[in-house]
Every structure is written in structure tokens, then in C-alpha cells.
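A.B. asks:
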Amino acid sequence: MNIQEGYMPFKGYKTYYRIVGDPTPGKAPLLLIHGGPGSSHNYFELLDDYAETGRQLIMYDQVGCGKSSIPDDESIYVKETWAEELIALRKYLHLDQVHMLGQSWGGMLEMLYLTHYSQDGVKSVMIDGSPASIELWRQEQHRLIKYLSYEDRQAIAEAERTGDFTNVKYLAANDRYMERYCWDDPDENSPEPLRRPTNGKKASLIAEGPNEFTENGTIGDFDVTDDLKNIHVPVLVTNGTDDLCTPLIAKSVYDHIPGAKWHLFANSRHLALLDQHDEFMSVLDNWLKEND
């Protein structure tokens, strides 16, 4: 399988991209947009085998993450930067006709792009585990915290009260919260791509904040809910039953996009691609074939 890697110049920095497979007539490529802010393309490598169907896959590390530049300038770490980077990447790689799959923050970036920038040439969009409103996300995370043990709830509440997110009891509680609703910390049994560093701690802290339920970074006021009605490309919303992106969050996206479809992965957390790989691949394949 042919794999190409390269760098796109962007705002004086470099954006890493990775292309799997070759173009096939009648099958538009799939552009994969990772989460975070502060994650990387790594987990999308679990999709590599899908390129054997003739569907070219394109993944990249957003600036501030992975193999891309990590700017010192904190003003770079805003949603507009990453939207402009997406526009530049499509132009640089000549992605005139493309399907998009955005996971978590990647789906938020898709929604921002489609409502504030362009929908030209976008054949379909899969929004995987993404909120249209960070305020709703915060509310739902605090509801999910209520299902943790009393000790963990207290540790998180104390960290939020004091603003000190370094206490060992808080860190352990947050780890258990993430294992329950996001994914397990990688170990020697995890797929190799998940064991690699994302190099996105700076981006995550500046843009998101210290954790999933505080969200006081530069995207803390993100809300495109009222703009979703203007999306006119085919959209599939997905999430898991045990996901940071709760069914309520996913439904709030689905309800506001005309003609959208929704698939709920039973027994999946924030990365159905990992938790329910075969079902995820089947849903993705059927969706793309419907919209070629």
C-alpha cells in the first residue's frame, strides 16, 4: 500500500500530512480530522487497511500537534487557525471533491468550517463524538462525573474549587473518568499508533483547558448550534452510549442539521474506531458508498 508523507507550509510553520493509498475514479478521498485540540492523526492509522478498498485516506497533524510545528506563540492556538489550516490543506493537496470525518474536536472543526467558511466540494461529512456547544459539553461532563465514586467526585470538586489540578487524588480521579468515558491509557497491549506521543499538551492546555469538564481555554465559548441549519451537505452524526459525547450532545447536533442521520454505537466510549472497530468500519463504508 502506497503511503506518502509530507509537510505543507502554513503561517510560517509546517503541517504534517500522511496519504494512504492511491486515488480511485468514482471514490472521493476521505479527509480525517483528529480531535483535541492537542491530539494527533495517530489513531487514524487504525483505518489504514480501509485504503485497500480503493478509498484514499488523508490524515494530518494540526499545527501544535504530532509531527507538525509546535509554535511558541500562544495566539496561534485558536479555532480560526485550525480552520484556515484545513482550507489551506484542501488547496495544497488539491482536494476539490472530498469526504470528511472529524472525531471529537475534529467534528467541531468540521461544523465551524461548514458554517463559517465553505461547503464547496464536500461530498459528505461524518461528525464523530462532537459537540456544537462547549457549554452543553461542560454540563454533560458534570453529569457524567456523578456516576464516579464519592471519593473521585470529591477530588474533582476540590480541584475545580481551588483551581489546582495537580493533586494526586484529582489526577487519579480524572484518569478513572477518562477510562470510563474516553479510552484507556495506552499500554504494551494497545495498538502501536496509540502508544506514540501526540505532542499536543500545549495545544490542549491553551485551547481546551486542564480537562474535559473545565474547558476554559480559547475554544471555551465555542457554539455553532444556531448555524447548523445552514449545512446542506450529507451529514452522519455518530457517538457511543458510554461516550464523553453523550447521546444528548449528539442529538443536539443531529436535531439542528437538515436531513442529518445518526448512528449510536452501543457499548462504545469516545473512540468507536477502537472500541467497536468492525461496526465502525461497516458504518463508515456504507455511508461513503451512499454519498459518492
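According to the working numbering, the sequence shown is numbered sequentially starting from 275.
In this text, a Cβ means the ideal position worked out from N, Cα and C, and glycines have one as well.
#1: Is it the case that the Cβ atoms of glycine 338 and isoleucine 344 are separated by a distance below 8 Å?
#2: Can you check the stretch 342-417 for any alpha helix (DSSP H) of at least 4 residues that lies completely inside it and give the ranges in chain order?
#3: In the DSSP output, which residue or residues are listed as bridge partners for arginine 292?
#4: Throw me the rounded Cβ distance for the serine 313 and glycine 474 pair, which I believe falls under 8 Å.
#5: Quick one: measure Cβ to Cβ for aspartate 549 and tyrosine 455, integer angstroms, because I've assumed they're closer than 8 Å.
#6: In the DSSP assignment, find the unbroken alpha helix (DSSP H) run with phenylalanine 554 in it and report its ends.
#7: Is glutamine 377 closer than 8 Å to phenylalanine 487 when the C-beta atoms are compared?
#8: Return the first residue and the last residue of the alpha helix (DSSP H) that valine 442 is part of.
#9: Use the C-beta contact count for tyrosine 451: other C-beta atoms within 10 angstroms, 16 or more gives buried, fewer gives exposed.
#10: Just tell me which of Lys285, Gly340, Leu320 and Tyr334 has its CA closest to the CA of serine 478.
#11: Mind reading off the beta-carbon distance from glutamate 384 to methionine 374? Whole number of angstroms is fine, and I expect it under 8 Å.
#12: Specify, as a first and last residue, the run of the beta strand (DSSP E) that lysine 535 falls within.
C.D. replies: To lay it out plainly:
#1: yes
#2: Fully enclosed alpha helix (DSSP H) runs of 4 or longer: 353-366 and 379-390.
#3: Glu279 and Met333
#4: 6 Å
#5: Their Cβ separation, rounded to whole angstroms, is 11 Å, which puts aspartate 549 and tyrosine 455 out of contact at 8 Å.
#6: 551-565
#7: no
#8: Valine 442 -> alpha helix (DSSP H) spans 442-455.
#9: Tyrosine 451 comes out buried.
#10: Gly340
#11: Contact between glutamate 384 and methionine 374 holds, since their C-beta atoms are separated by about 6 Å, short of 8 Å.
#12: 535-539
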